[in-house]
Each structure stands twice: as C-alpha cells, then as structure tokens.
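If you read the protein sequences in the order shown, they are chains A and B.
Sequential numbering from 1 applies to the first sequence in this note's numbering.
Sequential numbering from 109 applies to the second sequence in this note's numbering.
Built from N, CA and C at the ideal position, the CB exists for glycine as well.
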Amino acid sequence: AQSVTQPDIHITVSEGASLELRCNYSYGATPYLFWYVQSPGQGLQLLLKYFSGDTLVQGIKGFEAEFKRSQSSFNLRKPSVHWSDAAEYFCANEKLTFGTGTRLTIIP
Amino acid sequence: DTAVSQTPKYLVTQMGNDKSIKCEQNLGHDTMYWYKQDSKKFLKIMFSYNNKELIINETVPNRFSPKSPDKAHLNLHINSLELGDSAVYFCASSQGGARADTQYFGPGTRLTVL
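1. Between A:K68, A:T105, A:C91, which has its C-alpha nearest S3 of chain A's C-alpha?
2. Where do the ends of the beta strand (DSSP E) carrying M140 of chain B lie?
3. So which of A:F51, A:T55, A:R77 has the shortest CA-CA distance to K68 of chain A?
4. I'd like the list of long-range same chain contacts for S173 of chain B, defined as Cβ closer than 6 Å, with 5 residues on each side in sequence excluded.
5. Residues in its own chain within less than 8 Å of T220 of chain B by CB, not counting five upstream and five downstream?
6. Closer than 9 Å, CB to CB, is Y25 of chain A near chain B or not?
7. Can you tell me which of A:H10, A:L46, A:L33, A:F51 puts its alpha carbon nearest to the alpha carbon of F62 of chain A?
8. Please report the residue range of the beta strand (DSSP E) in which R103 of chain A lies.
9. Could you tell me whether the Cβ of Q211 of chain B comes closer than 9 Å to any Cβ of chain A?
10. Pick from B:C199, B:S188, B:M140, B:S113: whose alpha carbon is nearest that of L162 of chain B?
11. Against chain A, does G192 of chain B count as a neighbour if the rule is that its beta carbon must be under 9 Å from one of theirs?
12. With DSSP as the reference, identify every bridge partner of Y89 of chain A, one or two as the case may be.
13. Taking 9 Å as the CB-CB limit, is P215 of chain B close to chain A?
14. In angstroms with no decimal places, state the Cα-to-Cα distance between D146 of chain B and V37 of chain A.
15. Run down chain A in chain order and give the residues with a C-beta less than 8 Å from the C-beta of A208 of chain B.
16. When you compare each of B:K149, B:D138, B:K127, B:Y143 to R171 of chain B by their alpha carbons, which one comes out closest?
17. Between the C-alpha atoms of S26 of chain A and S72 of chain A, what's the straight-line distance to the nearest angstrom?
18. Compute the Euclidean distance between the alpha carbons of K175 of chain B and E166 of chain B, then round it to the nearest angstrom.
19. Just verifying my parser: in three-state terms, what is the DSSP assignment at K148 of chain B?
20. So that I know if they touch, is there some Cβ in chain B lying closer than 9 Å to that of F98 of chain A?
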C-alpha cells in the first residue's frame, strides 16, 4: 500500500534558524505529494504540493519542498523560521494517506 | 465568510448516545471529506462525497453514517457512541476529486465520549 512516513515526531529549532522536515513515500510511480500545516486548535492548511514538473516546489509562508525520486523523499524546508511557524506539519499523498506528523517547536 | 465550517466545535456526550456533526462549505466545491484525528494526531480519511455521491468509504464502523443533502453540506451521524470515538473530526472540501486537488479543512469538532 502507498504510504508516507515522517521519521521525526518532534523537532525543536531556534528562531531564525533553518528548518528541514523529512517525508518519505513508498510508491512505484510518481506520487502526488502535499505538505499541510496545522496550528494549535486549527484545521490543516496546504503549504505546497507536487505532482509533476520542477522538483523544487515553492509554497506559502516561505516554505519550499524538493521531490527526490532517488531518495523517495519530499522534504520541507524553510531558510529562517519564525515563532509563528510552531505547529504540526503533515505530509500526505494523493490517496489521502497522511504521515504521522512532525511537531515543530521554536525556541527564542 | 468562513470557507469550511463545522458545528459544533466541541461535543461532550455519554457512551451509547447518538450525535451529529455538521459541515458546510461555501467554496462551490464538488467534493467533501470527513477525517478522524486521534489523540496522537494521526489523521485518517473516513468518507468522501462528490456531488452528493459517496466515493470513498474507508473501513469505518457502520455506526458512522455520512449524509450529504446537497453538495455544500456533508454531515456525520454517529450512533451508539463508544469511548474510542473520542477524537477530533475534520471536514474538508476540494474543487473536484482529482489527485492534485487542494483540500480545504474546517476547524474541527472535538468529540469527547464519557
């Protein structure tokens, strides 16, 4: 079955530092992949998605993600995090399968 | 002008009761979804409707019954509530049911079964 895996349950970074959240997928063909963010007490919001073309995808709030077929990965990155980025981040595929989420904590 | 709204936001009830959660979207989307998020934040698709027709029905107890009176509404009725039903339930919608469609989520309904 197709799946997405987020190896990191919880990540803590300092404000202003760079961020990379990992997502791995298992699928033979090119998957459609999504990153969502869930702020405390809120629903999920789409950050970006990939389904074809350029493997580096730009999203909202300064996020980007890179699709790497050789590594079966779709990692989310941000060059400089802000305190408001503290949230839960979910990777998902087009089969509506979500990863288990990575909780991001920002320290001053 | 909330895009996807859910009522109620919180629902506390006793085991064995029957309850409903309502969802409405004003985005003009054709497809709506129900998800369950457990205490560990694991998010699982339950149902999906496209133009009032059921298109996804995952392995969910038949105590859960979705109803779509029109394409802007997708309600979730739960019979004989159990402790394990406690979770946050999210409604979502998308333009169509295509693979690349963006889903828009509601704020969630936190259900607590005592």
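Based on what the coordinates show:
1. A:C91
2. From DSSP, the beta strand (DSSP E) with M140 of chain B extends over 139-145.
3. Minimum Cα distance to K68 of chain A is reached at A:T55.
4. H185
5. Apart from the 5 residues on each side of it in sequence, T220 of chain B sits with its Cβ closer than 8 Å to the Cβ of Y118, L119, V120, T121, S194 in its chain, given in chain order.
6. no
7. It should be pointed out that residue 62 of chain A corresponds to Gly in this sequence rather than to Phe. Comparing Cα positions, the closest option is A:L46.
8. Counting along the chain, the beta strand (DSSP E) containing R103 of chain A begins and ends at 102-107.
9. yes
10. B:M140
11. no
12. Residue pairing for Y89 of chain A: DSSP places it in a beta bridge opposite A:V37, A:T102.
13. yes
14. Roughly 17 Å between the two C-alpha positions.
15. Y32, K49, F51, E94
16. B:K127
17. Within the model, the alpha-carbon separation for S26 of chain A versus S72 of chain A is close to 7 Å.
18. 15 Å
19. coil
20. Between F98 of chain A and chain B, the shortest Cβ-Cβ separation is below 9 Å.
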